[in-house]
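In this note's numbering, the protein residues as written are 199 to 339. Written out below as structure tokens is the structure these notes cover.
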Amino acid sequence: MKARLYALAALALLLAPHALASEIHLDCGRTGRTVAIDIDTGRRFVQLIWEDGVAEEYRDGDSYVSGASGSSDTQKVTYAVSVDKDAVSFGQDRIYVAASGKCRDQHIRNLLDTAAGTLKYDDGGVIAVMKCALAPPGRRF
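See below:
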């Protein structure tokens with residue numbers, strides 16, 4: 199137990215200088231799943247690159263309207279990013295514009311806790327908890 203507390207304290211000390219940083223770069227993972235996370239706190243922008251090369255980007259306030267198709271309804275998707283001391287929350291709001299009655303609005307948030315060194319990622323309704331560490335020096339956007 200003490201070793202775990204020391205590890206968390208060491209990670210917190212490593213991340214402390216980055217608390218007010220414009221860019222934070224982390225590597226997170228758990229068994230069978232890894233993700234590189236890059237954050238620009240000034241622009242409120244989060245980029246994730248998964249081990250299979252799939253990328254996700256979240257820029258606070260960006261939005262788009264998806265067109266209806268045979269299997270889905272028209273929806274407005276708005277990205278949300280907030281930075282508060284040791285926490286970065288990011289996700290999306292899906293508001294159905296012309297709903298057929300089969301769907302409901304969604305508000306999805308993921309939480310990166312830099313003090314605890316964890317990422318709680320909503321993976322289709324299942325919350326995956328990953329451990330995070332600073333990325334090797336030199337990684338940039």
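Think of the CB as a built atom: it goes at the ideal place given N, C-alpha and C, for glycine as much as any other residue.
Report the option in 317, 294, 279 whose CA atom is closest to the CA atom of residue 195.
The question about residue 195 has no answer, for the chain in this structure spans 199 to 339.
Is residue 258 closer than 8 Å to residue 279 when the C-beta atoms are compared?
The residue you call residue 279 lines up with position 81 of the sequence shown. The residue you call residue 258 lines up with position 60 of the sequence shown. Contact: yes.
Any chance the CB of residue 221 is under 7 Å from a heavy atom of the ligand MN?
Looking at this structure, you won't find the ligand MN or any other ligand, since it has none at all.
Quick test of your reading: residue 224 and residue 309, contact by CB under 8 Å. State the CB separation rounded to the nearest angstrom.
Translated into positions along the sequence shown, residue 224 becomes position 26. Translated into positions along the sequence shown, residue 309 becomes position 111. Not quite, the Cβ-Cβ distance comes to about 13 Å (not below 8 Å), so this is no contact.
Anticipated Cβ contact below 8 Å, residue 261 with residue 276, distance rounded:
One-based indexing of the sequence shown puts residue 261 at position 63. One-based indexing of the sequence shown puts residue 276 at position 78. Indeed they touch by this definition, with Cβ atoms about 4 Å apart.
In terms of residues, what are the limits of the beta strand (DSSP E) holding residue 289?
Position 91 of the sequence shown holds residue 289. Residues 285-296.
Taking the DSSP output, what are the residues bridged to residue 272?
Locating residue 272 in the sequence shown gives position 74, where the first residue counts as 1. BP columns for residue 272 point to 296.
Measuring alpha carbon to alpha carbon, tell me which of 306, 240, 334 ends up nearest residue 325.
Start at 1 with the first residue of the sequence shown, and residue 325 comes out as number 127. Nearest C-alpha to residue 325: 306.
May I have the straight-line CA-CA distance separating residue 274 from residue 228, to the nearest angstrom?
Along the sequence shown, one-based indexing puts residue 274 at 76. Along the sequence shown, one-based indexing puts residue 228 at 30. Spanning the two alpha carbons is a distance of roughly 32 Å.
Could you give the distance in angstroms between the alpha-carbon of residue 264 and the alpha-carbon of residue 329?
Reading the sequence shown from its first residue, position 66 is the one you call residue 264. Reading the sequence shown from its first residue, position 131 is the one you call residue 329. Computed Cα separation, rounded: 34 Å.
Under 8 Å between C-beta atoms of residue 238 and residue 220:
Within the sequence shown, the letter at position 40 stands for residue 238. Within the sequence shown, the letter at position 22 stands for residue 220. Contact flag set, yes.
Helix, strand or coil for residue 301? Go by DSSP, reduced to three states.
To locate residue 301, count along the sequence shown from 1; it is residue 103. Residue 301 falls in the coil class under three-state DSSP.
Assign residue 242 to buried or exposed, taking buried as 16 or more other Cβ atoms, counted over all protein chains shown, within 10 Å of its Cβ.
In the sequence shown, residue 242 corresponds to position 44, counting from 1. Buried.
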